[in-house]
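Peer 1: Count the sequence shown with this note's numbering and you get residues 687 to 821, in order. Yeah, the Cβ is synthetic: ideal placement off N, Cα and C, and Gly gets one too.
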Amino acid sequence: MEEVIEQLREANEPVPVPLELPDEDLLVEIEEQLFINIPFVFKEYLLTVSDVVYGSLEPVTVTDPQSHTYLPDVAATAWDLGVPRELIPICQDGEDYYCVEEDGTVVLWSGDEELVTEESWESVWHWVRDVWLES
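1) Write down the C-beta distance between isoleucine 724 and isoleucine 776 rounded to the nearest angstrom, noting that I regard them as a contact closer than 8 Å.
2) Taking the C-alpha atoms as reference points, what is the distance between leucine 757 and glutamate 692?
3) Would you list the one or two residues that DSSP bridges to tyrosine 784?
4) I'd like the ranges of any alpha helix (DSSP H) spanning at least 4 consecutive residues and lying wholly in the region 694-755.
5) According to DSSP, simplified to helix, strand and coil, what is valine 810?
6) By the DSSP assignment, the alpha helix (DSSP H) with tryptophan 765 in it spans what residues?
7) For glutamate 800, which three-state DSSP category applies?
8) Give me the residue from Val810, Trp795, His812, Trp811 with the minimum Cα distance to glutamate 804.
9) How about leucine 720 and alanine 761: do their beta carbons lie closer than 8 Å?
10) Counting beta carbon pairs with one atom in the region 696-710 and one in the region 738-750, are three or more of them shorter than 8 Å?
11) Tell whether a beta-carbon distance below 8 Å holds between tyrosine 783 and tryptophan 813.
12) Compute the beta-carbon to beta-carbon distance between serine 806 and valine 786, rounded to the nearest angstrom, for a pair I have assumed lies under 8 Å.
Rendered as structure tokens:
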């Protein structure tokens, strides 16, 4: 995890208005909006590196309700499109959504097929290393 955080920090691209990291209280508010608990490993990610901007993928954020990556809005859209309600989207990629399961596993939901594919990653950190940092 520490190595992945370091890689993300090094890859972070400068932007005109940098994102802020959330605190624990904000994550509680987000959980209340979603009516679902955020898995521990995803909370770790949000608290430590959700301010990073890198590559072609734009993972969800929680500090700016006006952002197109704002988790409650991304989740509402994903769930409306058919993503199972127990999955929390972490990143939209075209019509597909990378989502985190209750146990912290990341899965890929296909918008074309409207189902969870066979592709999965052990945790958000594995997804960051294998997918986001490669984008």
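Peer 2: With the given structure in hand:
1) Rounded, the Cβ-Cβ distance is 10 Å, inconsistent with contact.
2) 24 Å
3) Answer is Cys777, Leu794.
4) 710-720, 726-735
5) helix
6) 757-767
7) coil
8) With distances taken between Cα atoms, glutamate 804 lies closest to Trp795.
9) A contact, by the Cβ cut-off of 8 Å.
10) yes
11) no
12) Contact doesn't hold; Cβ gap of about 10 Å is too wide.
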